[in-house]
Structures are given as C-alpha cells and as structure tokens.
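Residue numbering for the sequence shown follows this note's numbering, beginning at 6 and increasing consecutively. Beta carbons are placed, not taken as given, at the ideal position from N, Cα and C, and that holds for glycine. Report on the following structure.
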Amino acid sequence: MKTLVVYYSYTGNTEFAARVIAQELKADLRRIEDAEEHSRACVYTFGILSALRGARGAVKPMDFTVGVYDRVLVGSPVWAGSPAPAVNTFIARTDFAGKTVIPFATSGGGGSAGALKKMSARIARRGGKVLCVFSLEPADKTNEKIAAKIKEILKEKEFQSSQDAAAAAKRR
6 MKTLVVYYSY TGNTEFAARV IAQELKADLR RIEDAEEHSR ACVYTFGILS ALRGARGAVK
66 PMDFTVGVYD RVLVGSPVWA GSPAPAVNTF IARTDFAGKT VIPFATSGGG GSAGALKKMS
126 ARIARRGGKV LCVFSLEPAD KTNEKIAAKI KEILKEKEFQ SSQDAAAAAK RR
C-alpha cells in the first residue's frame with residue numbers, strides 16, 4: 006500500500022506532525038504552499054475569515070498527484086473551526102476516487118472536530134473514502150509529546166507502514 010502524507014502548515018506545527026506521520030508510515034511527504042507569503046497579521050485576519058467561509062486560497066503549483074497512492078493523509082491547521090484555505094484548494098483540485106483518505110488536524114485552541122467534519126465531507130464529494138480522522142490538540146504542546154501522541158494514534162488505528170502493508174498483502 007503506497008501512502009502519501011500531504012499537509013499545509015503556517016506555524017510549523019502541522020508540518021512537524023506530518024513529518025512524524027510520514028516517517029512512521031514510511032510514506033511520501035508533500036507540502037501545500039501558499040502562492041504568496043503573507044504577514045502573520047494578514048493570515049490571522051483574512052486567512053481566518055476565508056477559512057470560516059470555506060474559501061480556497063491561492064497555492065503554488067503542486068508537483069505531485071495522488072493517482073499513484075492507495076492511502077492519502079491530509080493535514081491542516083485549524084483556523085476558527087475550519088481547515089486552512091490552502092487545504093480547501095488542494096481538496097477541491099484533487100480526484101480522490103478509489104483512495105482511502107485520513108484527514109488530520111492540528112489545533113492550538115480546539116475546534117478540530119468541525120474542521121475534520123468539513124474536510125471529510127469535501128473529500129467524500131471528491132470521491133475519497135474517509136477511513137477515520139484524528140487531531141492533535143492543545144495538550145500536545147511539546148514535540149516529544151506530539152510525536153508520542155502520533156505514534157499512539159497510528160498504533161490505535163492499526164495503521165501499517167507502506168512496506169508492512171505490502172508484505173502483509175504478499176503473505177495472503
């Protein structure tokens with residue numbers, strides 16, 4: 006099973022989580038990037054308002070497709086109970102047909118459930134089968150705690166690395 010972890014991160018928290026997930030699952034890792042850099046004030050004002058409206062943000066061209074992957078994890082920070090506009094753009098432009106998709110969110114102030122519900126609905130409309138969702142909340146503040154929490158979640162959800170899944174499939 007070939008796995009992709011794709012994420013958007015403004016402060017670095019979602020990036021850290023995505024890197025740990027990709028390492029644990031031996032997955033490919035790709036970043037969604039804003040087309041232009043924005044000041045923190047701009048992001049926290051207009052970005053959050055855009056997220057609340059479900060708007061899409063301008064992103065740099067992506068040098069990958071999900072076509073070659075069986076499983077795709079999509080990560081977003083939570084902005085006012087919603088996914089970041091750049092993630093909305095990625096989801097809207099992606100054909101998830103036949104893909105198992107696992108949305109995940111990072112949040113410094115709660116609201117993950119709403120963001121994950123919105124991501125899941127949008128992914129399903131694009132043909133993806135949402136297997137499960139998970140979030141990393143305010144209690145998971147240090148990198149060590151975040152990494153431990155991610156490993157716990159992956160074990161709990163019985164995720165296998167791409168190589169382990171391929172080996173298990175061959176044994177069947």
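Relative to the alpha-carbon of residue i, which residue among the options has its alpha-carbon at the smallest distance?
i: ILE107; options: PRO90, LEU121, GLU142 and ASN148; result: LEU121
i: VAL138; options: VAL77, ILE37 and LYS65; result: VAL77
i: VAL135; options: ARG127, GLU142 and ASP68; result: ARG127
i: TYR74; options: SER14, SER140, ARG35 and LEU141; result: ARG35
i: GLY114; options: THR105, ASP100 and SER140; result: SER140
i: ALA152; options: GLY116, THR8 and ALA27; result: ALA27
i: TYR15; options: THR8, SER112 and LEU9; result: SER112
What is the rounded straight-line gap between the Cα of residue i and the Cα of residue j?
i: ALA129; j: GLU149; result: 33 Å
i: PHE109; j: GLU42; result: 24 Å
i: LYS160; j: LYS65; result: 34 Å
i: ALA174; j: VAL25; result: With a pLDDT of only 46 at ALA174, under the threshold of 50, the placement of this residue in the model should not be trusted; the figure read from the coordinates follows. Taking the straight line joining both Cα atoms gives about 24 Å.
i: ASP100; j: PHE69; result: 12 Å
With distances taken between CB atoms, is the gap from residue i to residue j smaller than 8 Å?
i: ILE155; j: ALA32; result: no
i: GLY132; j: ALA102; result: yes
i: GLY86; j: GLY119; result: yes
i: MET124; j: PRO90; result: no
Buried or exposed, going by whether 16 or more other CB atoms sit within 10 Å of the CB of residue i?
i: ASN93; result: buried
i: GLY72; result: exposed
Between residue i and chain D, is any beta-carbon pair separated by less than 8 Å?
i: PHE164; result: Judged by its chain identifiers, the structure shown contains no chain D, having just a single protein chain.
Beta carbon of residue i: closer than 7 Å to some heavy atom of the ligand ADP?
i: LYS31; result: Looking for the ligand ADP in the displayed structure turns up nothing, as the structure carries no ligands at all.
Exercise. Can at least three beta-carbon pairs, one atom from the segment 73–89 and one from the segment 10–25, be found at a separation below 8 Å?
Worked result: yes
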